[in-house]
Amino acid sequence: MTTTKTITKPFTLPTSGPDHTQLPESDGTFVFAERAEGKNFAEHPQSILLTDSLEPVLNRIHPDGQYAIGQDCGIYWRITKPAHKGAEAPDWFYVPGVPPNLDGKTRRSYVIWKEMIPPLIALEFASGDGSEERDSTPLSNTKEGEVTEPGKYWVYEKIMGITYYGIYVIETGNLEVYKLLGGSYRKMKPNQRGHYPIEELEVELGLWQGCYLSDAPQQWLRWWDHKGKLLLIGKEREKVAEAREQREAQARIKAEQDKQQAEQERQQAEAREQREAQARIKAEQDKQQAEQERQQAEAKIAEFQQSQRNAIVRLRDMGLTIEQIAEVQSLSVEQVMQILET
Numbered sequence: 001m002t003t004t005k006t007i008t009k010p011f012t013l014p015t016s017g018p019d020h021t022q023l024p025e026s027d028g029t030f031v032f033a034e035r036a037e038g039k040n041f042a043e044h045p046q047s048i049l050l051t052d053s054l055e056p057v058l059n060r061i062h063p064d065g066q067y068a069i070g071q072d073c074g075i076y077w078r079i080t081k082p083a084h085k086g087a088e089a090p091d092w093f094y095v096p097g098v099p100p101n102l103d104g105k106t107r108r109s110y111v112i113w114k115e116m117i118p119p120l121i122a123l124e125f126a127s128g129d130g131s132e133e134r135d136s137t138p139l140s141n142t143k144e145g146e147v148t149e150p151g152k153y154w155v156y157e158k159i160m161g162i163t164y165y166g167i168y169v170i171e172t173g174n175l176e177v178y179k180l181l182g183g184s185y186r187k188m189k190p191n192q193r194g195h196y197p198i199e200e201l202e203v204e205l206g207l208w209q210g211c212y213l214s215d216a217p218q219q220w221l222r223w224w225d226h227k228g229k230l231l232l233i234g235k236e237r238e239k240v241a242e243a244r245e246q247r248e249a250q251a252r253i254k255a256e257q258d259k260q261q262a263e264q265e266r267q268q269a270e271a272r273e274q275r276e277a278q279a280r281i282k283a284e285q286d287k288q289q290a291e292q293e294r295q296q297a298e299a300k301i302a303e304f305q306q307s308q309r310n311a312i313v314r315l316r317d318m319g320l321t322i323e324q325i326a327e328v329q330s331l332s333v334e335q336v337m338q339i340l341e342t
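So for the sequence shown, the numbering used here puts the first residue at 1; every next one is plus one.
Structure, rendered in structure tokens:
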């Protein structure tokens, strides 16, 4: 019996080769970038959700716009025949520090030997049990020249050197994230929120249950910031902005109403103070008038009493008796005597 010996040789990336315009952008299983007429990025809802929510973070990190995001797109890492066998196609990946377009043309694929910058993170959405995505079989050849195709785990880890590799098994809803440490992947442990920190981006990757593109709640991969706040997609941001604008508009209306009410209350208070002041003035005037009338009445009484006393004194000086004076003045004798004593 003849035994076939497998030989594994160290692999190095090519230093030259075709560019993205010369390599196929599709083999029927993957596509790359956006064509002018529509879709060279597969419009996978999960990929769009990840890209849409992360774009504000990436635009802040890359104010010059130098980054690329691939969605089910080819990353060429070796030259083969046919050419597409030299590519892996993560469902989603992000490459920092590279232009989104090359020579004025939209990327058709990412050719790693042209730019030598690996993706920071690659994600696979496994439709099976994830064994294909965990395949670490190395590239090898037999003496007869037969090639053993490598597993994508091995390619991402040993050849491309992708820092973070995530495998989302859709059927079970399980998420695994690996981090490249010392040239080998180490399975990460989720933090207390159940998320996986991507330190370079100050974000966390995790699972979210909710409605996206339909009213039926589903489980999705989502991003959170490093404080655990969910990163929103454009429509969610619009809703938040609309809600904020409504709150601000309501606050402005309430502030205007409060201002008008305060002005009305101020005017009412001023009117009340004026009425009270007028009432105080009138009360003082009435008091003064009453005092004046009292004094006038007292003066008249005093004048009458003095006139009456003078008359009594004149009558007494004329020799009339007290009784006669009382009779003339229509007074009692006691009253006449009392007047004379004052």
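Just so you know, even glycine gets a beta-carbon here, dropped at the ideal spot from N, CA and C.
Cβ-based neighbour list, S332, same chain, cut-off 8 Å, excluding 5 preceding and 5 following: By the criterion of a C-beta distance shorter than 8 Å, S332 is surrounded in its chain by A326, once the five residues flanking it on both sides are discounted.
Just verifying my parser: in three-state terms, what is the DSSP assignment at N310? The DSSP-derived three-state label of N310 is helix.
Rounded distance between the beta-carbons of L180 and E157, thought under 8 Å: Contact between E157 and L180 holds: their C-beta atoms lie close to 7 Å from each other, under 8 Å.
G70, DSSP secondary structure in three states: The DSSP-derived three-state label of G70 is strand.
Validate contact between the region 107-125 and the region 146-162 using beta carbons, cut 8 Å, 3 pairs: Two segments are said to touch when three or more pairs of C-beta atoms, one from each, lie closer than 8 Å; by this definition the region 107-125 touches the region 146-162.
Chain-order list of residues whose beta-carbon lies under 7 Å from that of P234 (same chain, five-residue window excluded): The displayed chain sequence assigns Gly, not Pro, to residue 234. Within the same chain, Cβ atoms closer than 7 Å to the Cβ of G234 are found at D52, the five residues on either side in sequence being excluded.
Which residue marks the beginning of the beta strand (DSSP E) containing A126, and which one marks its end? Here the beta strand (DSSP E) through A126 covers I121 to A126.
So, using beta-carbon positions, are R190 and G206 closer together than 9 Å? In the sequence as presented, Arg is not what sits at residue 190; that position holds Pro. Yes.
Can you list, in chain order, the residues of its chain with a C-beta nearer than 6 Å to that of P150? Leave out the 5 residues immediately preceding and following it. Contacts found: T137, P138 and L139.
Are the Cβ atoms of L355 and Y94 separated by less than 9 Å? Any answer about residue 355 is impossible in this case: the structure gives the chain only from 1 up to 342.
State the start and end residues of the unbroken alpha helix (DSSP H) segment that holds L50. Counting along the chain, the alpha helix (DSSP H) containing L50 begins and ends at P45 to I61.
Name the DSSP beta bridge partners of E176, please? DSSP output for E176 lists I167 as bridge partner(s).
Determine the extent of the alpha helix (DSSP H) in which Q338 is found, giving its start and end residues. From DSSP, the alpha helix (DSSP H) with Q338 extends over V333 to E341.
Residues in its own chain within less than 6 Å of T148 by CB, not counting five upstream and five downstream? Result list for T148: S140, in chain order.
What does DSSP give as the partner residue(s) for I198 in the beta ladder? According to DSSP, I198 shares a beta bridge with V203.
Beta strand (DSSP E) containing W92: first to last residue? Segment W92 to P96, the beta strand (DSSP E) holding W92.
List the residues that DSSP assigns as beta-bridge partners of K105. Assignment of beta-bridge partners to K105 by DSSP yields L102.
With DSSP run on the structure shown, which of helix, strand or coil describes R244? R244 falls in the helix class under three-state DSSP.
So, for V169: in the same chain, excluding its five sequence neighbours on each side, which residues have a beta-carbon less than 6 Å away from its beta-carbon? By the criterion of a C-beta distance shorter than 6 Å, V169 is surrounded in its chain by A126 and G130, once the five residues flanking it on both sides are discounted.
W223: first and last residue of the uninterrupted beta strand (DSSP E) it sits in: Start and end: Q218 to D225.
Simplified DSSP assignment, three categories, for Y156: Of the three classes helix, strand and coil, the one that applies to Y156 here is helix, per DSSP.
Quick one: grab the DSSP three-state call for V328. Correct three-state label for V328: helix.
Apart from the five residues on each side of it in sequence, which residues of its chain come closer than 8 Å, Cβ to Cβ, to V328? Answer for V328: L315 and L320, listed in chain order.
So does the region 64-76 actually touch the region 88-104, counting three or more Cβ pairs closer than 8 Å? Touching, per the Cβ criterion.
With Q308 and I339 assumed to form a contact (beta carbons below 8 Å), what rounded beta-carbon distance in angstroms separates them? Right, their Cβ atoms sit about 6 Å apart.
Whole angstroms is fine: what's the gap from A262's alpha carbon to A277's? Rounded to the nearest angstrom, the two C-alpha atoms are 22 Å apart.
Starting from K187, trace the beta strand (DSSP E) both ways and give me its first and last residue. Looking at the DSSP string, the run of the beta strand (DSSP E) that includes K187 is S184 to K187.
With a threshold of 16 other CB atoms inside 10 Å of the CB of A370, please say whether the residue is buried or exposed. Lying outside 1 to 342, the shown extent of the chain, residue 370 is not represented and no answer is given.
Classify I47 as buried or exposed, calling it buried when 16 or more other Cβ atoms lie within 10 Å of its own Cβ. For the record, residue 47 in the displayed sequence is Ser; it is not Ile. Under this definition S47 is a buried residue.
Write down the C-beta distance between L54 and W223 rounded to the nearest angstrom, noting that I regard them as a contact closer than 8 Å. Sure, about 5 Å apart at Cβ, within 8 Å.
Suppose the cutoff is 6 Å on Cβ atoms and the five residues either side in sequence are ignored; what does the same chain contact list for Y153 look like? Closer than 6 Å at Cβ, skipping near neighbours: R134, D135 and S136.
With DSSP as the reference, label I253 as helix, strand or coil. Looking at I253 - three-state DSSP - the assignment turns out to be helix.
Looking at the unbroken alpha helix (DSSP H) that takes in K114, where does it start and where does it end? DSSP places K114 in the uninterrupted alpha helix (DSSP H) bounded by I112 to E115.
Assuming contact is defined by CB atoms lying nearer than 9 Å, are Y110 and G74 in contact in what I supplied? Cβ atoms of Y110 and G74: closer than 9 Å.
Does DSSP classify L230 as helix, strand or coil? If DSSP states are grouped into helix, strand and coil, L230 belongs with the strands.
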